[in-house]
Amino acid sequence: MTTMSPDAGLTKQRETLLRLYRETARGRALEDVVNQLAQTRTFRGFFHPGRGQEGLQAAVCTALNVDDYLLYAHRGLTYLTAKGMDPVSILGDFHGRLAGSTRGLGAGTVHCVDPARGIMGQGGTLGSCFPLSAGLALASKTKGEGKVAAAFFGEGASARGTFLESGVTAKAWGLPVVWICENNGWAVSARVQDVQGTADIAPRAAALGFHTQVVDGQDVLAVHEAAIEAIRQARGGVPAFIEAKTERIEGHFTGDMQPYRDRDEVAAAKTRDPLLLAGQRLVELGEDTAVLDDIREQARAEMNAADEAARTSPLPDGTRIHEGVWA
Amino acid sequence: MTTMSPDAGLTKQRETLLRLYRETARGRALEDVVNQLAQTRTFRGFFHPGRGQEGLQAAVCTALNVDDYLLYAHRGLTYLTAKGMDPVSILGDFHGRLAGSTRGLGAGTVHCVDPARGIMGQGGTLGSCFPLSAGLALASKTKGEGKVAAAFFGEGASARGTFLESGVTAKAWGLPVVWICENNGWAVSARVQDVQGTADIAPRAAALGFHTQVVDGQDVLAVHEAAIEAIRQARGGVPAFIEAKTERIEGHFTGDMQPYRDRDEVAAAKTRDPLLLAGQRLVELGEDTAVLDDIREQARAEMNAADEAARTSPLPDGTRIHEGVWA
Amino acid sequence: MSDKPITYAWAINHALDEEMQRDPDVFLMGQDVGRMGGVFGLTRGLHDKFGGERVRDVSIVEHLVVGGAVGAALGGLRPVAEVQFADFLLLAGDESFHKMAKWRYMHGGILTLPMVVRAPCGIQGGVGAEHSQSPEGHYWHTPGIKIAVPSTPADAKGLLKSAIRDDNPVIYFENRRLYRVKGEVSADPELLVPFGQGKVRRVGRDVTIVAWSAMVDAALEAAEILEREEISVEIVDPRTLVPFDMETVSTSVRKTSRLLVLHEASLTMGPGAEIAARAADELFEHLDAPVKRLAGTDNPIPQNMALEQFCYPQTDQIVSTVRDLAKW
Amino acid sequence: MSDKPITYAWAINHALDEEMQRDPDVFLMGQDVGRMGGVFGLTRGLHDKFGGERVRDVSIVEHLVVGGAVGAALGGLRPVAEVQFADFLLLAGDESFHKMAKWRYMHGGILTLPMVVRAPCGIQGGVGAEHSQSPEGHYWHTPGIKIAVPSTPADAKGLLKSAIRDDNPVIYFENRRLYRVKGEVSADPELLVPFGQGKVRRVGRDVTIVAWSAMVDAALEAAEILEREEISVEIVDPRTLVPFDMETVSTSVRKTSRLLVLHEASLTMGPGAEIAARAADELFEHLDAPVKRLAGTDNPIPQNMALEQFCYPQTDQIVSTVRDLAKW
Ligand SMILES: Cc1ncc(C[n+]2csc(CCOP(=O)(O)OP(=O)(O)O)c2C)c(N)n1
Ligand SMILES: Cc1ncc(C[n+]2csc(CCOP(=O)(O)OP(=O)(O)O)c2C)c(N)n1
Ligand SMILES: [Mg+2]
Ligand SMILES: [Mg+2]
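Listed in order, the protein sequences are those of chains A, B, C and D. For what it's worth, our numbering labels the leading residue of the first sequence as 39, then goes sequentially. For what it's worth, our numbering labels the leading residue of the second sequence as 39, then goes sequentially. For what it's worth, our numbering labels the leading residue of the third sequence as 4, then goes sequentially. For what it's worth, our numbering labels the leading residue of the fourth sequence as 4, then goes sequentially.
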């Protein structure tokens, strides 16, 4: 690594931060559209708001190459936009229309897919990302493609048995997997300590020999740096793990009022909003607030336009259910 | 704990060691009978010889109370005899006769059962002991019975997802489980490093918050002490884990010539025979070799007599298959 | 807990409440069953009433939920485990197909596993391929497991209570489309619905429909329409698949000579196959028409809510199938 | 690899060898498939020939074996995964029932999963309830998975090669009782057996038996005995269950008017139910007798080898069932 003058370092940091701010803002703007769709009952399925976790998703996904594999999680949408997916095809899925990435079959976030950008989908059963990411990483390694396979999951899902089975194998085979645990402390209504007897997930990856980092998930720069290092390790054949301590600001799904959760805790979480924090940091670094306002405005405009395009796409008809079972 | 005079300490150690020697010898004598049955094709199923691992099995099971739960593993039989099960009913299972604990349904070691002695059986799928032991421990805890649930498994099985799911839950609920990993370095033909990327299993239990000990599995006294401590922890609500580094002296099953394994390694393993080592230690402590010879002779006589009783018991007829599906 | 109509969901809640009250060995375990009262609200109030030791939240650990219930049952408790969706029961494959079904038998028949797994099934709400299935067929092909498939609030309560008191492992499939359906439910805590006793939901002459769970209501609706065309439909609800009450089916088919089996699970190798096969053997001489099956389509369930209706039998399809059958 | 008779086990080995030779994306993964050559010796020599990168040993990680194969297939490889016993496939419930079967469909049909899982099935050798099953029925009820059930060495080779070249996920059930059975097998590496094409194993007039896997030999044996009584049996082996060749079955039943479905899996909700149900519908007017099923008993398989014979159809039972059928 070359050394930089303090000034160059700060400029670079500001550039990175701006990029992460933009991706965080884009993800949030997209979710705002989805919330709107949910409120107007245009979208009536389940949506798991990512508010509070957009920053870390942006920070990791912007560190990936376009052809690196991504298995995203259910909490929000920033994984997808930050990895380069077209918001029209994401929103097309929410509208259940042919513009969606699943051509009208899906409706909602769960199965958005974009293989050209390495976005290989999501399972409806938590923890299924572990063996799948190991398999994708194995394919990349076998073919000498140099791609990593990144998989996101919550701390709840990190208790699934697939974590262990895939972890020992990834280590034994030196697979380029990057596993990112979004530890928001809650799995629906269950507090992690209560059901797992610990608040810390990283030790279980370290025990298997993964390269392991624990990072403040609300600090986009810290997460971004951790991601770069994890990806470097993985490309070198050491499976890597990041535990990002984060905050679930909203309920588990849209409409969940979180009665099981302390109000003060939620209030405290709100103060750790990653977009807010990144914005403050940028201002500290001398960025003009107008620039930030503009970024957010652009993001909103982009997502509104995408929604317009998606909602006017045709609906599938009943025969659609029979397409795609077989290759 | 009260302090003892050095002499009293040695006497106690010798007594304990003698007891462990006897149980190790009994287990070995029983296996010798089974090997005989296999050689004469009286028993034609699979048997996984425990040679090399009898000592640790004896050392743990003699530390359990008669009503503590036991889920034993497939490697050998010393678990069962040391927990107090009648060799006639074990051998009855090998003969597939009504004297067997499964009344002729089983034939072989896998499903020997004796609920009166806490022996709750074995699954044919590795790793199924983890959730079952957690459930048994939960029952004991809920009912305030003070029993622990001990489960044995190899290092191969410790990669099964059930380990993780049951482990986090056992920790969260403070369940009295004692998990004993017999780490013999091999799962059939697979060396643990090659398929799990590590030779050490204990860290994955420690990561979940288990009380964890690593012990030389060929040293019966060391294992016995570790077992006493683990059981104490478990009864106090801290799930406990023991990794016993041990040796698989024979092939995976009777008849497996281990072509995949280095001869020197096997030869070295043989020098670490737990019965041999315990005998040497006893002699060092002043025990007469004649006493040891006598113990082994008695064990042989006991098991031969048991075999005689078992083999003359009636065979089940074809209707037996329909009994016991439903309560 | 009066005799006035309550929902299927409350009927389940009442059954749990009463049985926990009656027997201290009964306890609940599952994701969010505790303070939250279940993601569908089925266990509301039970955590407050019985405490965290008897209403146990877990992490995302389906193996532990089912396998732990097996262990707890062996240890003398009577667990009622919940998976959030019936599809997730398949994740605990070893624990459900092997441990729960076979542990007793493998160990000579001397151990007992009194346990229930509650499995919310059915297509509703755009939850997609892994949250919409009705996998009762997979378990009917697994000797050692009893299966309940209630279609009404009264049966939901009575069968769940029987399941909890049964000394065998039971999978209790509750259909999410029925949760808000109301019906009269007895407040008598000793009123059980026995396993293995089907019920004639509607008396008719011309065609027998065998249907359970949410398909019973669809069948009843179709029967009303057909009645206007003077086609008289008899509807048999087996209520449990294991044990299966073939006698009630036979009695009906002996009368009508025509059989339609109706279910939500996908057609091929679905539970209708077994019933049709038994009819083709045991009732051969009584049949005047081919045995028909109407069932879910042979594809995973799409997440798009608008497409769900195409994936399981709708009333008009039932009507036209019965109409054709009646012509024979 | 000549045309002289080889065993079913070697036929499988040859298929793997040839396909690995042909396509560098094909690789094997499973417990002990490497240096040991598999616990049943099926992969002997392949590790030496193709190296550890293409013949991969794993720990006790069935979830990873099946789910890893799904991932590897998505990444452009063509995995051939092995579970040591077909029963263990049920352990990877999420990975087989959900991921493997549905990942393509759930993602709009734009991803492709060319993968095979080899699953040794069948009752033999006293390995008990969790190592003896034939769970093809569970997977036939799972849209999105193809299923092969070869009964001869030639089909074992030809179907496995087709499976490996197929772009869909395939479960390949190889019966352990057949491993040592010999038969002529073509050495032509391009001779495939297509999926969905049943085969008439024996031509007859009076009764049709549908049988696959190890039950074909039992059916042939029974047919010889019945021939002496002048009962002429036609035997149809579907060879694959998905796709299922109903046409060959129909043609046969149209001729014989009598159908017996024979299989090793337990009777209730076994694959025979689907075939019988289809016959009861589609062939109703051609049937002169009840559709019969003869299958495994409805209990877990005991470990006592001496009891195994009571758990699946034996030749004498087939003979007497056909004899009764022929009387109609
Ligand atoms: C195997 C499985 N079990 C249960 C569920 C239902 N479920 C969906 S999200 C969720 C909570 C997940 O918690 P966590 O992994 O911490 O992610 P978070 O929602 O907090 O982002 C649950 C239980 C599921 N989808 N899959
Ligand atoms: C789930 C499962 N997978 C595979 C097997 C087949 N199998 C039986 S023993 C064994 C090796 C076990 O290794 P380990 O756990 O280390 O125990 P050891 O045999 O060394 O005592 C295997 C793979 C099984 N019984 N269950
Ligand atoms: Mg969480
Ligand atoms: Mg081992």
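For each residue, glycine too, the CB sits at the ideal point set by N, CA and C.
Span of the beta strand (DSSP E) around residue i
i	result
residue 82/D	81–85
residue 220/A	215–221
residue 124/D	119–124
residue 264/C	262–269
residue 32/C	29–33
residue 86/A	Taken as a continuous stretch (DSSP letters only), residue 86/A belongs to no beta strand (DSSP E), as it is neither H nor E.
residue 335/A	Here residue 335/A belongs to no beta strand (DSSP E); instead the alpha helix (DSSP H) covers 327–349.
residue 109/B	107–109
Limits of the unbroken alpha helix (DSSP H) element including residue i
i	result
residue 59/B	44–77
residue 189/B	Where residue 189/B is concerned, there is no enclosing alpha helix (DSSP H), although the beta strand (DSSP E) it sits in stretches over 187–192.
residue 311/C	308–311
residue 201/B	199–211
residue 299/D	Unbroken run through residue 299/D is the beta strand (DSSP E), 295–299; no alpha helix (DSSP H).
residue 325/D	318–329
residue 193/C	Per DSSP, residue 193/C belongs to no alpha helix (DSSP H) and is neither H nor E.
residue 7/C	Where residue 7/C is concerned, there is no enclosing alpha helix (DSSP H), given that its DSSP letter is neither H nor E.
residue 302/A	301–309
For residue i, the nearest candidate out of the options (CA to CA)
i	options	result
residue 307/C	201/A, 84/A, 217/A	84/A
residue 137/B	107/B, 126/B, 147/B, 219/B	126/B
residue 120/B	74/B, 282/B, 258/B	258/B
residue 278/B	223/B, 73/B, 208/B, 114/B	208/B
residue 108/A	230/A, 175/A, 255/A	175/A
residue 338/B	79/B, 315/B, 49/B, 67/B	67/B
residue 116/C	153/C, 99/C, 281/C, 211/C	99/C
residue 155/D	218/D, 263/D, 71/D, 282/D	218/D
residue 250/A	205/A, 354/A, 291/A	205/A
residue 327/D	296/D, 304/D, 302/D, 301/D	296/D
Residue burial classification, residue i (beta-carbon count within 10 angstroms, cutoff 16)
i	result
residue 295/B	exposed
residue 152/A	buried
residue 252/D	buried
residue 118/B	buried
residue 39/A	With a pLDDT of only 46 at residue 39/A, under 50, the local geometry of the prediction cannot be trusted, and the value read off the model is given with reservation. Result: exposed.
residue 194/C	exposed
residue 211/B	buried
residue 139/D	buried
residue 149/B	buried
residue 186/B	buried
residue 197/D	exposed
residue 323/A	exposed
residue 53/A	exposed
Contact test: residue i Cβ vs ligand 5 heavy atom, cutoff 7 Å
i	result
residue 164/B	As for ligand 5, it is missing from this structure, which binds only ligand 1, ligand 2, ligand 3 and ligand 4.
For residue j and residue i, believed in contact at Cβ under 8 Å, the rounded distance
i	j	result
residue 189/A	residue 217/A	5 Å
residue 177/C	residue 157/C	About 14 Å separates the two Cβ atoms, so there is no contact after all.
residue 172/A	residue 213/A	6 Å
residue 68/C	residue 95/C	7 Å
Query raised in the report: Which ranges does the beta strand (DSSP E) cover as unbroken runs of at least 3 residues, wholly within the region 50–109 of chain C, from first to last along the chain?
Result: Considered as a whole, the region 50–109 of chain C harbours 58–60, 81–85 as its complete beta strand (DSSP E) runs of no fewer than 3 residues, in chain order.
Requested in this report: Just list the alpha helix (DSSP H) runs in the region 213–262 of chain D, keeping only unbroken ones of 4 residues or longer that don't cross its boundaries, in chain order.
Outcome: Counting only runs of 4 or more, we get 218–231, 249–259.
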